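Trainee:
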Amino acid sequence: MPFTSELYKTIFTPDELKCVQRSYTLCCELLGSIPHSSESENLLAQFVLRAFEDSKHDPELAAQRAFEMVRMLQ
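Take the sequence shown: its letter number 34 is residue 34 in full-length UniProt numbering, and every next letter is one higher.
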């Protein structure tokens with residue numbers, strides 16, 4: 001599961017981390033699958049983080065934006 005390393009705990013508050021993780025989970029639901037490799041998981045996590053910052057920490061909006069980024073690459 002992404003966003004569990006100590007690095008993220010220094011960047012985000014516990015509540016923000018919950019929202020980031022929620023964004024990731026929602027994005028996986030929109031995609032209809034979860035990443036099956038650590039490389040894919042890390043890439044999706046990067047999209048989610050970028051979207052999370054750009055969406056003023058709204059997990060639903062971040063998930064939708066990350067989903068759209070992934071879809072553009074497919």
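The beta carbon of each residue, even a glycine, is placed where N, CA and C say it ideally should be.
Everything numeric in this text was worked out from a predicted model, so none of it was measured.
Are the beta-carbon atoms of Cys19 and Leu44 separated by less than 9 Å?
Mentor: No; because the gap between Cβ atoms is not below 9 Å, this pair is not in contact.
Trainee: Of the choices Ser38, Lys56, Tyr24 and His36, whose alpha-carbon is the least far from that of Met69?
Mentor: Looking at the Cα atoms, Tyr24 is the closest of the given residues.
Trainee: Suppose contacts are defined by Cβ-Cβ distances below 9 Å. Is Ser55 in contact with Arg71 by that definition?
Mentor: No, they are not a contact pair.
Trainee: According to DSSP, is Phe3 part of a helix, a strand, or is it coil?
Mentor: In the structure shown, Phe3 sits in coil (DSSP, three-state: anything other than H, G, I, E or B).
Trainee: Do Asn42 and Pro14 count as a contact pair if the criterion is CB distance below 9 Å?
Mentor: Cβ distance not < 9 Å, so Pro14 and Asn42 don't count as in contact.
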